[in-house]
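Read through the structure below, which is laid out as structure tokens, and then see the notes.
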Amino acid sequence: MKKLLACVLIVILLCGCAPASKTTVSFKLKVPYPLMAEYYICAGDQDEKVELDLENTAYTEDSSGNRIYDVTVRCPGEVTVQDDGRSFWTLYAGYISENSETFSNTLKNVGIRSGSTTVDMEGGKVFYDPTETIYTDENFTLYVDEGMITGSGSMLYDVQFVWCEENGEQEICEIILPGATVQLLAQNAPNAKGDVYTWFSVVSGAEGIGETSRFSVLTKGQTLPESSLTLDALPDVVSDEGAKWLSVSEFAADGIKPDTDVAVMKETFGEPELTRKEYESDADYMIYHYDGVEYSFETALDNGDEWLEKNQAFTAEFSENLLEFPRGIRIGDSFADVLKKFPQELDYKNDVNDGLFYGDYWRKDKLGWGAVHIANSTGDGGDGVWISVICDEYWPMLQVHFTDDLIADKIVVQFWPSPYYN
Numbered sequence: 007m008k009k010l011l012a013c014v015l016i017v018i019l020l021c022g023c024a025p026a027s028k029t030t031v032s033f034k035l036k037v038p039y040p041l042m043a044e045y046y047i048c049a050g051d052q053d054e055k056v057e058l059d060l061e062n063t064a065y066t067e068d069s070s071g072n073r074i075y076d077v078t079v080r081c082p083g084e085v086t087v088q089d090d091g092r093s094f095w096t097l098y099a100g101y102i103s104e105n106s107e108t109f110s111n112t113l114k115n116v117g118i119r120s121g122s123t124t125v126d127m128e129g130g131k132v133f134y135d136p137t138e139t140i141y142t143d144e145n146f147t148l149y150v151d152e153g154m155i156t157g158s159g160s161m162l163y164d165v166q167f168v169w170c171e172e173n174g175e176q177e178i179c180e181i182i183l184p185g186a187t188v189q190l191l192a193q194n195a196p197n198a199k200g201d202v203y204t205w206f207s208v209v210s211g212a213e214g215i216g217e218t219s220r221f222s223v224l225t226k227g228q229t230l231p232e233s234s235l236t237l238d239a240l241p242d243v244v245s246d247e248g249a250k251w252l253s254v255s256e257f258a259a260d261g262i263k264p265d266t267d268v269a270v271m272k273e274t275f276g277e278p279e280l281t282r283k284e285y286e287s288d289a290d291y292m293i294y295h296y297d298g299v300e301y302s303f304e305t306a307l308d309n310g311d312e313w314l315e316k317n318q319a320f321t322a323e324f325s326e327n328l329l330e331f332p333r334g335i336r337i338g339d340s341f342a343d344v345l346k347k348f349p350q351e352l353d354y355k356n357d358v359n360d361g362l363f364y365g366d367y368w369r370k371d372k373l374g375w376g377a378v379h380i381a382n383s384t385g386d387g388g389d390g391v392w393i394s395v396i397c398d399e400y401w402p403m404l405q406v407h408f409t410d411d412l413i414a415d416k417i418v419v420q421f422w423p424s425p426y427y428n
């Protein structure tokens, strides 16, 4: 389907331009080395093939030993140039004798923008530069760069490459249709490390064809310094009078009950702004994003013998006070105000208690516990100060995340039953 749409859009592009003409074109040609064939080029609207004199052409080598030649070709006749600066060619690898032509590889419909194009002959790809900025804010820039990739019958068709930064390097994170526009849809709240998934919609631009796909770009936030806080630096807290262990019955708000399902979620919040799939080695998830909360539902689970289909709530991560949370806890509360809502049966600062302020998470016959945890550089967005509380029967777990100023900025409810209670 993508190939068909791409071909339709190429036709639109070719028919809707005001062509210019030229006779010389320059580009980079990437081929395997040592050379096992001769290489020829022919303008798309002509018949005469011109042999490329690669033996006398400057080149560089990549890490795989391929050579990338700086080719300049003078065509026998005028060559049509499109409004976007591209002329179209056919490239051949093989041999031409007086009586025959034998080619082991042929690439048709190769769009070359003179002086800013690399043609990968073996891989059947064309790359253009410079990139075009299509979206930017104070955190990151998203680029689209046009390109071409092998289709059926060695015909190249247009694609666009979406570039994003990953670990400080630019990588292609999505390939979309030619002539497409990319629209910003919505942006999740940053996690504890400042990273953000930003969602975009790809619209083909062809009449009668709407959105073709959605993709996300992970924006790397500024690396946050390790928290200077320690358990010893956190405040001593005296429990509210009558504070008890958390009970599952306290999860009474629609949307965060233990039996929450997709229907309940939609009844509470409406249709999600965005929906996406996520895959892990042992589970698949469907993610539903709203402004202020993101729900994760487990859709498949690997139990070791087979994959089981599921549709159960896994987590709900709130960045706004959209519901009544147990014991009136709210985003914006201070660390001490949240902690004092639970019994302080243990000194959580004492190393032997491993952050616990009540309960025992090692004993099945005494399930239910509360603990304080400080995470640094975990790499999973879990950095910062957390209060975690487990129900006395089974999860959901209530987690509250705090900034270094000890102000709650995220509340997470986890719906899975505890692995310690089987």
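Using our numbering, you'd call the opening residue of the sequence shown number 7 and step up by one each time.
Virtual Cβ for every residue (Gly too), placed ideally from N, Cα, C.
Less than 8 Å between the CB atoms is what I'm expecting for V77 and S32, so what's the real figure, rounded?
7 Å
Find out if the Cβ-Cβ distance for the pair P349, S245 is shorter than 7 Å.
yes
Going by alpha carbons, who is nearest to D398 out of Y367, T274, I380?
Y367
Across the segment 313-329 and the segment 354-361, are there enough close Cβ pairs to call them in contact, namely three or more that are closer than 8 Å?
no
Considering A99, what are the terminal residues of the alpha helix (DSSP H) in which it resides?
Premise fails: A99 lies in the beta strand (DSSP E), 92-102, not in any alpha helix (DSSP H).
Decide if G376 is buried, meaning its Cβ has at least 16 other Cβ atoms within 10 Å, or exposed.
buried
Please give me, in chain order, every unbroken run of the alpha helix (DSSP H) with length at least 4 that falls completely inside the segment 307-382.
341-345
Would you kindly report the start and end of the unbroken alpha helix (DSSP H) that includes V243?
That residue, V243, is in no alpha helix (DSSP H); it is neither H nor E in DSSP.
Could you tell me the distance, in whole angstroms, from the CA atom of T156 to the CA atom of E44?
21 Å
Starting from T63, trace the alpha helix (DSSP H) both ways and give me its first and last residue.
Premise fails: T63 is in no alpha helix (DSSP H) and is neither H nor E.
So V406 packs on V344, CB below 8 Å; how close in whole Å?
5 Å
Counted within 10 angstroms of its Cβ, other Cβ atoms place D411 as buried (16 or more) or exposed:
exposed
For D389 and F94, the rounded distance between their alpha carbons
52 Å
Where D135 and T123 are concerned, what is the direct C-alpha to C-alpha distance, given to the nearest angstrom?
7 Å
For Y101 versus T108, is the C-beta distance shorter than 7 Å?
yes
With distance defined between alpha-carbon atoms, name the residue in K55, F303, L328 nearest to K316.
F303
Rounded to the nearest angstrom, how far is the Cβ of S251 from that of Y364, given a contact under 8 Å?
Before going further, note that residue 251 is Trp rather than Ser in the sequence given. Yes, W251 and Y364 are in contact; Cβ-Cβ is about 6 Å, under 8 Å.
Measure the Cβ-Cβ separation of F275 and Y291 and say whether it is below 7 Å.
no
DSSP three-state label for F33, please.
strand
What I want to know is whether the C-beta of V244 ends up closer than 6 Å to one or more non-hydrogen atoms of the ligand FMN.
With respect to the ligand FMN, the structure offers nothing, as it holds no ligand at all.
Measure the C-alpha to C-alpha separation of G129 and G83 and round it to an integer number of angstroms.
29 Å
Nearest CA to the CA of T281: which residue from Y301, A186, A342, T139?
Y301
Among C179, V223, A186, the one whose alpha carbon lies nearest that of E217
A186
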